[in-house]
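This report refers to the structure that appears directly beneath it.
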Amino acid sequence: MIRLMQNPRIPEGINASEEHPLKEFALLFVGVALSLVLLVVMLSVTAQQLAPYIPFRWEQQLTQFDGLKDAPWEDLSTDRDEPIAEPAGGVTAAGSTAADSTAADSTTADAKRATQAAEQTLKQQAQTSLQALVTSLAVSMAIPSEMSFQVHLLDDPAPNAFATLGGHIFVTQGLLAAVSSENALAMVLAHEMAHVKFRHPIQAMSRGALLQLIITMVGGGQGVALNGVLGQTGLLTLLSFNRDMERESDAAAMAGLTQHYGHLVGAEEFFSEVLARHGDAGWRAAFETHPATQERVDAITARIKLMQTNEETSQQLTPLDAGLLVLKAKSEQGISLKHMSRNRRNF
Amino acid sequence: MEALIQLGIFTFLLLAGFVFGRRAEKKHYRSIFEREDRFRHIVVTNEKVPSPEFIQHDFTMVAGNVVISVDYFKVVSAGLRSLVGGRISAYESLLDRARREALLRMQEQAHARGAQTVINTKFETSRVSGNAGQGIGSMEVLAYGTALIPSRA
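Quick note, the sequences are listed as chains A and B, same order.
Counting with the working numbering, you get residues 244 to 590 for the letters of the first sequence.
Counting with the working numbering, you get residues -14 to 138 for the letters of the second sequence.
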C-alpha cells in the first residue's frame, strides 16, 4: 500500500451546496405560501358553506354553563340573570351579615352594599328592557323560531356591542350612553341579531378551528419559527367577521328596523357619533374587518332618503325605555370622551 | 397591529440571521481553506493498523471538537424545507464546516506534538442544545485519532 504523503485536495460543492441560500429560500417560501393560501381559502369557503347547517341548538348547548357564574364572560360583566348567594352576603343577605360586624364597619359596609344593590337593580332593569327590545325586534326581523337571544350588559364604558355563539349579545354601558333614541340602539342590536340569524359566529368559529388545525399540522414539527409567523400574521384576522358579513348584517338590520318602526330615522345616529368622535381608520382601514364607518352612515342615510320619497309616514323617534334611561344617565356621568377613541370595535 | 409587529420581529430576526450567518460562513470557509493548505502535510487516515514504517513511532491521542450555532435564517429555511422534503442545504454547509473545523483542530494538535500522520480517525456528533426543544440548535462535531510522532530515541 502506498502511503499518502499529503492530504488530498477534495473538490468543493460535494458536501455543501454552493447555490445561494436566498434562492432556495425564496423558492420554498413562495411555494409553501401559495399552497397554504390556497388551502386556507378552500377550507374557509367550505367552512362558511357548511357551518350554517350546524343546528342552532348545538350552538346554544356549547355556550350553556352550569350556573352563570362559570360563564367565561362573568369576569367582564357584573350582570346576573338571577341573584347568586355569595358567602360574603350578597344582595339579599346584606342586612343579616352586617349585624354581626362592629357598628362603624357595618354602616360603611351597609352603605356600600346598598349602592351596589341599587346598581345591580338598575342593571337588572336595563337588561330586562334590552331583552324586551330584542324580543320585539326578533319578530320584525323574521328570526327563525328555534333561535333565541340573550342580552348581556357589560360594565365597559367604551361603546361597543358584539354577538357570539348561541345567540348571546353583549352590549356595553358605553353604548347606552352614546345613543339618544331607541332607534339608534335598535340599529346596533338588530345588526348583532342579524349576525346570529345568518349564523356568522358559528361560521367564524368553524373557520378559526380549521385554520388552527392547519397551523398546528404545518408548524407541528418545526415549532416556534413557523408557528409564530403563521399564527400571528394574517390568518388570525380571518377569525372575526369579514366585511361582507357586516354589510349583510347592516342590510338585514335596516330591513328589520323599517319593519319595526316604519322608518329608519335615527338609525345612523350611533355610527355618525363614532365618526364625529374619532374619524375613520384611515390607512388602517385595509386591516379592519368592518366597513368604513362613513360608508355605513352613507348606506343608512341613502336608505332613509329613498324611503322618504316613497311614502309618507310619521317618522317619530322612539325614546329609550325607562329602564335604560336611568342607567344611561348614570353612566354618562362617569364617561369621558376619551373612551370613544378606542380603536377596537365590534359592532 | 399585533400581527404587524410580530411580522416585523420575524423579518428582523430572519434578516439578522441571514446577514450575520452568511458573513460568518464566508469568513469560516476562507479560514478553513487557508488552514487546510497549511496542514496538508499531516496526513489524516482512518486505517486502524499503522504502516510498517511507523512501527517505531510514539503515539498519542489527538482530538478536535467544534460547536457551531444555527442561525434563524437557516432554521426557517430548514422548516420550510421540512414541509416539502429534499436536501436541507442550509444545514449541509453547517455540517461540512463543523467536520472540517474539527479535523483542522485535531491536525493542529498533532502538529504541535510534531506528528507526521494521524491514523484511526473517528467522528462523533451530539446535540448539546438540541434537547432544549424549540430553541435554535447547534452543530457539534468531535474528531479524534491516533497521532504518530517520530520517536526521539
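Note that the Cβ used here is the ideal one computed from N, Cα and C, for glycine as well.
Roughly how many angstroms lie between the CA atoms of residue i and residue j, to the nearest whole one?
i	j	result
Ile297 (chain A)	Phe441 (chain A)	12 angstroms
Ala437 (chain A)	Ile543 (chain A)	16 angstroms
Leu453 (chain A)	Arg252 (chain A)	54 angstroms
Ser74 (chain B)	Lys59 (chain B)	9 angstroms
Glu262 (chain A)	Gly256 (chain A)	9 angstroms
Arg15 (chain B)	Gln249 (chain A)	20 angstroms
Ala336 (chain A)	Ala352 (chain A)	Confidence is the limiting factor: at Ala336 (chain A) the pLDDT is only 40, short of 50, which leaves the residue's position unreliable and the question unanswerable from this model.
Arg137 (chain B)	Asp43 (chain B)	9 angstroms
Gly70 (chain B)	Ala63 (chain B)	10 angstroms
Tyr129 (chain B)	Leu286 (chain A)	54 angstroms
Leu376 (chain A)	Leu397 (chain A)	17 angstroms
Leu(-1) (chain B)	Met124 (chain B)	19 angstroms
Val52 (chain B)	Glu491 (chain A)	60 angstroms
Leu507 (chain A)	Leu428 (chain A)	12 angstroms
Leu265 (chain A)	Val273 (chain A)	12 angstroms
Thr536 (chain A)	Val4 (chain B)	44 angstroms
Arg539 (chain A)	Ala495 (chain A)	13 angstroms
Thr289 (chain A)	Gln393 (chain A)	29 angstroms
Ile40 (chain B)	Arg8 (chain B)	45 angstroms
Phe18 (chain B)	Phe(-3) (chain B)	32 angstroms
Tyr504 (chain A)	Glu362 (chain A)	31 angstroms
Glu32 (chain B)	Lys107 (chain B)	10 angstroms
Ser383 (chain A)	Gln502 (chain A)	6 angstroms
Ala1 (chain B)	Phe268 (chain A)	15 angstroms
Ile104 (chain B)	Glu38 (chain B)	13 angstroms
Ser372 (chain A)	His443 (chain A)	25 angstroms
Lys12 (chain B)	Val517 (chain A)	59 angstroms
Ser54 (chain B)	Leu127 (chain B)	15 angstroms
Gly566 (chain A)	Ala360 (chain A)	16 angstroms
Leu305 (chain A)	Gly451 (chain A)	16 angstroms
Thr561 (chain A)	Asn426 (chain A)	6 angstroms
Met497 (chain A)	Trp301 (chain A)	28 angstroms
Arg25 (chain B)	Ile(-10) (chain B)	51 angstroms
Met412 (chain A)	Glu435 (chain A)	The residue asked about is misnamed: residue 412 (chain A) is Ile in this sequence, not Met. Cα to Cα, the separation comes out at about 7 angstroms.
Ala95 (chain B)	Thr110 (chain B)	21 angstroms
Val61 (chain B)	Pro135 (chain B)	50 angstroms
Arg112 (chain B)	Arg246 (chain A)	35 angstroms
Lys72 (chain B)	Arg66 (chain B)	Here residue 72 (chain B) turns out to be Arg, not Lys, going by the sequence shown. Answer to the nearest angstrom: the Cα atoms are 8 angstroms apart.
Asp548 (chain A)	Ala404 (chain A)	For clarity, residue 548 (chain A) is Lys in the given sequence; the question names Asp instead. Whole-angstrom Cα-Cα distance: 27 angstroms.
Pop quiz: residue i and residue j are said to be a contact at Cβ under 8 angstroms. What is the actual Cβ separation, rounded to whole angstroms?
i	j	result
Gln374 (chain A)	Asp399 (chain A)	Gln374 (chain A) to Asp399 (chain A), Cβ: 19 angstroms. No contact.
Thr45 (chain B)	Arg98 (chain B)	6 angstroms
Ile259 (chain A)	Asp81 (chain B)	Reading off the sequence shown, one finds Ala at residue 259 (chain A), where the question assumed Ile. Yes, they are in contact, since the Cβ atoms of Ala259 (chain A) and Asp81 (chain B) sit about 4 angstroms apart, within 8 angstroms.
Met390 (chain A)	Phe299 (chain A)	5 angstroms
Met448 (chain A)	Ala510 (chain A)	Contact flag wrong, Cβ pair sits at about 29 angstroms.
Val291 (chain A)	Gly409 (chain A)	Looking at the sequence provided, one finds Gln at residue 291 (chain A) rather than Val. Going by Cβ atoms, the distance from Gln291 (chain A) to Gly409 (chain A) rounds to 19 angstroms, so no, they are not a contact pair.
Val283 (chain A)	Ile457 (chain A)	7 angstroms
Val28 (chain B)	Leu88 (chain B)	Not a contact, Cβ separation roughly 12 angstroms.
Ala433 (chain A)	Gly499 (chain A)	5 angstroms
Lys571 (chain A)	Leu419 (chain A)	5 angstroms
Ala132 (chain B)	Val34 (chain B)	Not quite, the Cβ-Cβ distance comes to about 15 angstroms (not below 8 angstroms), so this is no contact.
Gly122 (chain B)	Met91 (chain B)	Wrong, their Cβ atoms sit about 23 angstroms apart, outside the cutoff.
Ser78 (chain B)	Glu10 (chain B)	6 angstroms
Leu68 (chain B)	Val461 (chain A)	7 angstroms
Leu563 (chain A)	Ser424 (chain A)	7 angstroms
Phe513 (chain A)	Ala421 (chain A)	6 angstroms
Ala294 (chain A)	Gln446 (chain A)	4 angstroms
Tell me the residue span of the alpha helix (DSSP H) that contains residue i.
i	result
Leu397 (chain A)	Segment 393 to 397 is the beta strand (DSSP E) holding Leu397 (chain A); no alpha helix (DSSP H) there.
Gln291 (chain A)	264 to 293
Phe441 (chain A)	Counting along the chain, Phe441 (chain A) falls outside any alpha helix (DSSP H), and DSSP gives it neither H nor E.
Gly499 (chain A)	486 to 504
Gln303 (chain A)	299 to 305
Got a sec, what are the start and stop residues for the beta strand (DSSP E) residue i sits in?
i	result
Val414 (chain A)	411 to 415
Asn105 (chain B)	102 to 111
Phe405 (chain A)	404 to 407
Met124 (chain B)	123 to 134
3-residue-minimum beta strand (DSSP E) runs that sit fully inside the stretch 29 to 76 of chain B, ordered along the chain: DSSP assignment within the stretch 29 to 76 of chain B yields the following whole beta strand (DSSP E) runs of 3 residues or more, N-terminal first: 43 to 54.
So if I threshold CB-CB distances at 8 angstroms, which residues from the stretch 260 to 271 of chain A count as touching chain B? Hits within the stretch, in order: Ser260, Glu262, Pro264, Leu265, Glu267, Phe268, Leu271.
So if I threshold CB-CB distances at 8 angstroms, which residues from the stretch 68 to 82 of chain B count as touching chain A? Against chain A - using a Cβ distance shorter than 8 angstroms - the residues of the stretch 68 to 82 of chain B are Leu68, Val69, Arg72, Ser74, Ala75, Glu77, Ser78, Leu80, Asp81, Arg82.
Quick one: which residues of the stretch 7 to 37 of chain B get their C-beta closer than 8 angstroms to a C-beta of chain A? List them in chain order. If the cut-off is 8 angstroms between Cβ atoms, the stretch 7 to 37 of chain B has Arg7, Glu21, Phe24, Arg25, His26, Ile27, Val28, Val29, Thr30, Ser36 near chain A.
Given a limit of 9 angstroms on CB to CB distance, which residues of the stretch 55 to 67 of chain B reach chain A? Cβ contacts with chain A come from Tyr57, Phe58, Lys59, Val60, Val61, Ser62, Ala63, Gly64, Leu65, Arg66, Ser67.
In chain order, what residues of the stretch 271 to 286 of chain A put their CB closer than 8 angstroms to some CB of chain B? From the stretch 271 to 286 of chain A, only Leu271, Phe272, Gly274, Val275 have a Cβ closer than 8 angstroms to chain B.
Near-chain B residues of the stretch 486 to 509 of chain A - C-beta to any C-beta below 9 angstroms: Listed in sequence order: no entries.
When Cβ atoms are compared, which residues of the stretch 407 to 427 of chain A fall closer than 9 angstroms to chain B? Going along the stretch 407 to 427 of chain A in chain order, one finds no residue with a Cβ nearer than 9 angstroms to chain B.
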